[in-house]
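S.K.: Have a look at this one.
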Amino acid sequence: MKSEKRIVAYPAILDDSENPKGMYTVTFPDVPGAISQGMGVPEAMANGSEALGLMLYNEEKLPNVSDIKEIQKENQGSLVTMIFSDLAEAKKHVKTPMVKKNTTIPGDLAQKAEEAGINFSKTLTEALEQKLNSY
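Residue numbering for the sequence shown follows my numbering, starting at -18 and increasing by one per position.
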């Protein structure tokens, strides 16, 4: 199983101008669908990191990263900062639906596996993950 990290960083805008006191909305100009909020800057940044990870964890081609200084110039009334996300970690928290697959294997192999108490679904999943090297 792969255990490499895929850490990304994007400029984020934390804006409290249209929220109750202390509540920040987090947006990413380079990742329009990644939107979050939080009470206070630490929570807003943590939630923003999660939103960023959920939007990008499965993307092979990541959006280009804008110059943070340009974003700051355009958003002088807001807090602009870089927010990081580990896409490999985000992927671990995404629940994927299970599907049933029928397969055919040699009878003697099936019998030996059953006698050994091997879980067929788990074994097939592990073998596919290893073969695809995608998890």
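Note that beta-carbon positions come from the ideal geometry of N, C-alpha and C, so glycine has one too.
1) So which of L33, A27, E24 has the shortest CA-CA distance to I16?
2) What residues in its chain sit with their C-beta under 8 Å from that of G19, if we drop five residues either side in the sequence?
3) Within its chain, find whatever has a CB closer than 6 Å to the CB of S66; leave out the 5 residues flanking it on each side and keep chain order.
4) Please confirm if the segment 45 to 65 is in contact with the segment -8 to -1, defined as three or more CB-CB distances below 8 Å between the two stretches.
5) To the nearest angstrom, how far is it from the Cα of D11 to the Cα of I52?
6) Out of curiosity, what's the CA-to-CA distance linking H74 and A94?
7) Starting from Q18 and walking both ways along the beta strand (DSSP E), at which residues does that stretch end?
8) Measuring CA to CA, which of N39, K81, M63 is closest to P23?
M.R.: Result, derived from the coordinates:
1) L33
2) M4, Y5, V7, A25, M26, A27, N28, G29
3) V(-11), S30, L33, G34
4) yes
5) 10 Å
6) 31 Å
7) 16 to 20
8) M63
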